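Undergrad: Position 83 of the sequence shown, counting from 1, maps to 83 under UniProt numbering, and the rest follow consecutively. For every residue, glycine included, the Cβ atom is placed at its ideal position computed from N, Cα and C. Treat the numbers as computed from the prediction; the structure is a model and nothing was measured.
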Amino acid sequence: MKRPNGNAARGSTLLEVAIALGIMALCGLGLINTQLGLARHAQLAAARERAAFAADALAESACLSVLSGTSGTSAATGAAAAERWKTLASGIVPEGKLTAAGVGGDVSVASLTWRATSFMSMASAPAVSHSASCAEASVPAGRDCLAVAFLR
1 MKRPNGNAAR
11 GSTLLEVAIA
21 LGIMALCGLG
31 LINTQLGLAR
41 HAQLAAARER
51 AAFAADALAE
61 SACLSVLSGT
71 SGTSAATGAA
81 AAERWKTLAS
91 GIVPEGKLTA
101 AGVGGDVSVA
111 SLTWRATSFM
121 SMASAPAVSH
131 SASCAEASVP
141 AGRDCLAVAF
151 LR
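Right under this line is the structure:
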């Protein structure tokens with residue numbers, strides 16, 4: 001009787017281990033890529049959240065100045081608050097510019113544009129549609145925008 005050769009079994013086991021390590025390395029790279037993508041989108045969401053807060057604050061201060069009616073003190077307070085939010089916008093988001101414009105009738109739009117950070121505008125990141133969030137405003141390349149409509 002012939003005994004099986006033990007050296008052949010050792011070679012195939014080594015090959016199986018090498019293949020298993022290669023698959024584990026690819027899975028690890030996929031996990032790292034997923035974590036980086038989550039971090040990138042978390043930063044984008046945080047910037048948009050801060051922008052929405054600032055645009056909403058401008059809308060509230062604009063409504064305060066209109067709703068005060070004949071009271072000159074409240075109107076002045078609302079206008080001062082609106083100007084304060086416009087100056088604070090650059091501290092809330094990078095190079096932020098906060099504006100309020102009347103669209104027609106009682107409808108107005110508070111919009112905030114800011115410089116998109118290099119982390120948000122990486123080539124591997126998906127493109128963000130500006131048309132849905134900026135209310136038909138033209139946004140230059142390298143900037144992001146958020147608009148909030150409100151009634152005066």
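What's the call for residue 31, buried or exposed, on a 16-neighbour Cβ count within 10 Å?
TA: Flag for residue 31 reads exposed.
Undergrad: Between the Cα of residue 117 and the Cα atoms of 99, 54, 40, which residue gives the shortest distance?
TA: Minimum Cα distance to residue 117 is reached at 40.
Undergrad: Distance check for residue 87 and residue 80, CA to CA, integer angstroms please.
TA: Whole-angstrom Cα-Cα distance: 11 angstroms.
Undergrad: In terms of residue numbering, what span does the beta strand (DSSP E) encompassing residue 145 cover?
TA: Taken as a continuous stretch (DSSP letters only), the beta strand (DSSP E) holding residue 145 covers 143 to 151.
Undergrad: Would you identify the three-state DSSP class for residue 96, choosing helix, strand or coil?
TA: Reduced to three states, the DSSP call for residue 96 is coil.
Undergrad: In or out: residue 22 buried (at least 16 other Cβ within 10 Å) or exposed?
TA: Burial call: exposed.
Undergrad: For residue 134, count neighbouring Cβ atoms within 10 angstroms of its own Cβ and tell me buried if that reaches 16, exposed if not.
TA: So residue 134 counts as buried.
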